[in-house]
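When the count follows our numbering, it moves up by one through the sequence shown with no breaks and lands on 112 for the last residue. The next block holds one structure in the form of structure tokens; read it before the comments.
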Amino acid sequence: MEIALEVEENGNCFGVPERVFDAQGERVKAVRVKAYPPRGAYGWCRITGWSSVGGGTPCDAYSVKVGDSGSGTAYLVYGGDWGVRLMAGDNQEAWSLESPRQWGEPYLLLGDPQEIEASPPS
């Protein structure tokens, strides 16, 4: 299955042109990832998808194993049409574009599945 992602520049993150990924498994809902905050140390971060609805609102973020021409496979973490939004793992505030303690990305490509925490199946 192919996943086509295109994120236009928005209040959450910079834009990226359409890119197509070859999914090699089922997607799972992602709730935490290991990442580098703009200011801070590498570690666990909360993650959500970000949608253009209402000028920017949270939605689900997903992870799926994809083919990557450079390293064989990678793990794509993606969200809404405005990308994904992250905050350091110890931050429990509400999701907001106004928070200086949060940041947005169009999507993430991670090399290790241990860098992603999925939501338990419901």
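Glycine residues also receive a C-beta, built at the ideal position from the N, C-alpha and C atoms.
- The beta-bridge partner set that DSSP reports for S53 consists of V18, V67.
- As DSSP reads the structure, E8 sits in no beta bridge.
- Taken atom to atom, the span from the alpha-carbon of F4 to that of P111 is near 32 Å.
- Contact between the segment 9 to 16 and the segment 25 to 45 is absent: fewer than 3 CB-CB pairs across the two stretches fall below 8 Å.
- Within 10 angstroms of the beta-carbon of R91 lie fewer than 16 other beta-carbons, which makes it exposed.
- The beta carbon of P103 sits closer than 7 Å to those of Y65, all from its chain and outside the five residues before and after it, given in chain order.
- Bounds of the beta strand (DSSP E) holding R36 are 33 to 41.
- A distance below 8 Å separates the beta carbons of G69 and C49.
- Its Cα nearest to that of S42, the residue E(-1) stands out among E(-1), E105, Y97.
- DSSP places L(-5) inside the beta strand (DSSP E), whose first and last residues are -8 to -3.
- Residue environment for M77: buried (at least 16 other C-beta atoms within 10 angstroms of its C-beta).
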